[in-house]
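Using the working numbering, read the sequence shown as starting at 1472 and increasing by one per residue.
Worksheet for the structure shown next.
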Amino acid sequence: MTTSWSDRLQNYAELPANMDGLSMKKYRREVHHRVFVNRSLAMEKIKCFGFDMDYTLAVYKSPEYESLGFDLTVERLVSIGYPQELLNFVYDPAFPTRGLVFDTMYGNLLKVDAYGNILVCAHGFSFLRGPEIRELYPNKFIQRGDTERFYILNTLFNLPETYLFACLVDFFTSCSRYRSCETGFKDGDLFMSFKSMFQDVRDAVDWVHFKVKAIFKLDFILLLGAKGKDILYIGDHIFGDILKSKKRQGWRTFLVIPELAQELHVWTDKSTLFEELQSLDVFLAELYKHLDSSSNERPDISSLQRRIKKVTHDMDMCYGMMGSLFRSGSRQTLFASQVMRYADLYAASFINLLYYPFSYMFRAAHVQVNSTNTLSNTGGQTWPFQQKYYISFKDHGFDCQQTEDA
């Protein structure tokens, strides 16, 4: 005779306090069907579902759609006087990723963390090394609040222009007709700053995506009689959809991240790399096991440093030339921090909601500080941007610690 879930729950409630009630293995849906949770949400409390259109309900064929947007933008630039050679550019989806920052002063594409620390810096298609980055950015840091200078390329619509920025900088830097300057390039007596180039690209993109403004707007909230937290808004744009919905309306938010499917595929397919990084962490701990402030011994960790750099690089390259959307080696990206801050739920597609009942309780994991994690490893499953390795190289080596799900 089978036991109903209601009976099993009743029996569970009556278990003695000292009995292991976690002996049942937690059921998990297939990874590609799963919805991930930052803040708990009871579906039965949601009265209305709101949807964005582009890249949410209307899923464009990729990379063909981005390639078309790229070609049309290039054609627009050529029509306003840019060199004809630009028409030879071909969109490469392996290069751009969302969440990069374009520096309009130096023409660099930057991958930064939540605090403005630079993780990756590319000038055109040339990736700058540490000393080169520090010459331009003291302490490898930027003021993200300086929106006049730094532009965040956060949306899926930004992917073509992200690649176009790299193409243009690479072209004007390498073409013999132009002379490179720190903040732009010269063609004879004519100087073109990267800031002017950036504005031309933005104007061209706006021209390609021109939309007639709506004549009127209905107040659907009053029409539906729903309050802020009664509504779950589903969209792909952190600033345009998710942030405004949460801060202005108090809506619950579901972020669609199409790239998540590939991120999770790499996470599972290349799990040996992540496991090796964990093993290197164990080796490092062993080297310092019996040392304290009174010790004069200085372990040689140079081989570990080299191996960690190699494994970290191999991990990043599994995702594309700019690495993972959510992490760069040891640290969480700006995009990942925004997902965790503004999205209550997130998944690769809004369709994933259909794999859950409308009475489902999405429950966020307990938030633990680093000290708690070092005391107890729950063995829980972690995902690419929730598992973080903090590796900071110092005069006497580096610190490496792992934090579990937040």
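All C-beta atoms in this analysis are idealised placements derived from N, C-alpha and C, irrespective of residue type, glycine included.
- Message: Using only CA atoms, which one of Glu1535, Ala1697, Arg1673 and Phe1522 lies nearest to leucine 1548?
- Response: Within the sequence shown, the letter at position 77 stands for residue 1548. Here the closest residue by C-alpha is Arg1673.
- Task: Assuming glutamate 1734 contacts serine 1795 (C-beta within less than 8 Å), just tell me the rounded distance between them.
- Result: Locating residue 1734 in the sequence shown gives position 263, counting from the first residue. Locating residue 1795 in the sequence shown gives position 324, counting from the first residue. Rounded to whole angstroms, the Cβ separation of glutamate 1734 and serine 1795 is 6 Å, and the two are in contact under 8 Å.
- If we ignore side chains and look at the alpha-carbon of each, how far apart do arginine 1615 and aspartate 1787 end up? Numbered from its first residue, the sequence shown carries residue 1615 at position 144. Numbered from its first residue, the sequence shown carries residue 1787 at position 316. Rounded to the nearest angstrom, the two C-alpha atoms are 23 Å apart.
- Task: Would you kindly check if the distance between the Cβ of leucine 1580 and the Cβ of tyrosine 1571 is under 7 Å?
- Result: Taking the first residue of the sequence shown as 1, we reach residue 1571 at position 100. Taking the first residue of the sequence shown as 1, we reach residue 1580 at position 109. Looking at the sequence provided, one finds leucine at residue 1571 rather than tyrosine. A contact, by the Cβ cut-off of 7 Å.
- Task: Would you tell me roughly how many angstroms separate the C-alpha atoms of glycine 1851 and serine 1799, rounded to the nearest one?
- Result: As a first step, residue 1851 must be located in the sequence shown, where it is residue number 380. As a first step, residue 1799 must be located in the sequence shown, where it is residue number 328. With a pLDDT of 37 at glycine 1851, under the threshold of 50, the modelled position of this residue cannot be trusted, and the question is left open.
- Query: What number of angstroms, rounded off, separates the C-alpha of phenylalanine 1636 from the C-alpha of serine 1808?
  - Reply: The residue given as residue 1636 occupies position 165 in the sequence shown. The residue given as residue 1808 occupies position 337 in the sequence shown. Near 24 Å, if we compare the C-alpha coordinates of serine 1808 and phenylalanine 1636.
- Query: Using CA coordinates, which residue listed in Arg1723, Arg1802 and Pro1567 is at the minimum distance from isoleucine 1517?
  - Reply: In the sequence shown, the residue the question calls residue 1517 occupies position 46. Relative to isoleucine 1517, the option among Arg1723, Arg1802 and Pro1567 whose CA is nearest is Arg1723.
- Could you have a look at lysine 1582 and say whether DSSP puts it in helix, strand or coil? Taking the first residue of the sequence shown as position 1, residue 1582 is located at position 111. Note: lysine 1582 maps to strand in three-state DSSP.
- Straight-line Cα distance separating threonine 1626 from serine 1550: The residue given as residue 1550 occupies position 79 in the sequence shown. The residue given as residue 1626 occupies position 155 in the sequence shown. Approximately 26 Å between the Cα atoms of the pair.
- Per DSSP, which residues does alanine 1818 bridge with? Please list them. Residue mapping note: residue 1818 aligns to position 347 of the sequence shown, counting from 1. BP columns for alanine 1818 point to Val1727.
- Message: Assess contact between the segment 1695-1709 and the segment 1510-1528, defined as three or more Cβ pairs (one per stretch) separated by less than 8 Å. Is contact present?
- Response: Here the segment 1695-1709 lies against the segment 1510-1528, with 3 or more beta-carbon pairs under 8 Å apart.
- Query: So is histidine 1784 buried or exposed if we call it buried at 16+ other beta carbons inside 10 Å?
  - Reply: Along the sequence shown, read from residue 1 onward, the residue named residue 1784 stands at position 313. The residue is exposed, with fewer than 16 neighbouring Cβ atoms inside 10 Å.
- So glycine 1706 is in the beta strand (DSSP E); what residue range does that whole segment cover? Your numbering for residue 1706 matches position 235 in the sequence shown. Where glycine 1706 is concerned, the enclosing beta strand (DSSP E) stretches over 1702-1706.
- Message: Comparing C-alpha positions only, which one of Met1663, Arg1648 and Ser1647 sits nearest to threonine 1654?
- Response: Taking the first residue of the sequence shown as 1, we reach residue 1654 at position 183. For threonine 1654, the nearest C-alpha among the options comes from Met1663.
- Contact the segment 1529-1544 vs the segment 1553-1567: 3+ CB pairs below 8 Å: The segment 1529-1544 vs the segment 1553-1567: in contact.
- Task: Go to aspartate 1771, then tell me how far its beta strand (DSSP E) extends in each direction, as first and last residue.
- Result: Position 300 of the sequence shown holds residue 1771. Run containing aspartate 1771: none; DSSP gives neither H nor E here.
- Cutoff 8 Å; reference alanine 1835; Cβ partners in own chain excluding five residues on either side: To locate residue 1835, count along the sequence shown from 1; it is residue 364. Taken in chain order, the residues that qualify are Val1508, Asn1509, Arg1510 and Ser1511.
- Query: Who are the Cβ neighbours of glutamine 1776 in its own chain at under 6 Å, not counting the five residues just before and after it?
  - Reply: Numbered from 1 along the sequence shown, position 305 holds the residue referred to as residue 1776. The same chain holds no residue with a CB closer than 6 Å to that of glutamine 1776 once the five nearest residues on each side in sequence are set aside.
- Cβ-based neighbour list, valine 1782, same chain, cut-off 8 Å, excluding 5 preceding and 5 following: For the purposes of this step, residue 1782 is taken as residue 311 along the sequence shown, with counting starting at 1. Contacts found: Leu1744, Glu1747, Leu1748 and Leu1751.
- Would you check if the segment 1809-1817 and the segment 1593-1603 touch, i.e. whether three or more CB-CB distances between them fall below 8 Å? Judged by Cβ distances under 8 Å, the segment 1593-1603 makes no contact with the segment 1809-1817, as fewer than three pairs qualify.
- Task: Look at threonine 1544 and alanine 1732 and say whether their C-beta atoms are less than 7 Å apart.
- Result: The residue you call residue 1544 lines up with position 73 of the sequence shown. The residue you call residue 1732 lines up with position 261 of the sequence shown. The Cβ-Cβ distance between threonine 1544 and alanine 1732 does not fall below 7 Å.
- Message: Using the three-state DSSP reduction, which class does valine 1506 fall into: helix, strand or coil?
- Response: Reading the sequence shown from its first residue, position 35 is the one you call residue 1506. In the three-state reduction of the DSSP assignment, valine 1506 falls in the coil class, being assigned neither a helical nor a strand state.
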